[in-house]
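In my numbering, the protein residues as written are 406 to 520.
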């Protein structure tokens, strides 16, 4: 497209995405839609080893764990596992997402510039 025609065409578009310094994508606001289905949230006990809890080994079976809020205490490994599982929960979020495009060629303009 010529620059003047292109500038007029861009007025019809609301969303602009830039890929790099000279490349981009312009999309009409109604050209994309997002559909989320089967949204499920489950709570599970946290795991001291798998969920990124930081603790320090003091001796063979003693560990020090300092929670963000609370007192720094000494635990055996089993006590620490039980404490973390009881006090902390993790949310497991599962959903199906569908991103749809209108399919109309005039709804999207890809911009590339040669150097």
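For each residue, glycine too, the CB sits at the ideal point set by N, CA and C.
Looking at the backbone, the Cα of residue 432 and that of residue 456 are separated by about 39 Å. For residue 440, the three-state secondary structure derived from DSSP is strand. In this structure, residue 439 sits near residue 504, with a CB-CB distance shorter than 9 Å. Residue 485 is classed as buried because its beta carbon has at least 16 other beta carbons within 10 Å across all chains shown. Taking each of 500, 480 and 447 in turn and checking the Cα distance to residue 459, the smallest one comes out for 480. Bridge pairing for residue 514: 431 [DSSP].
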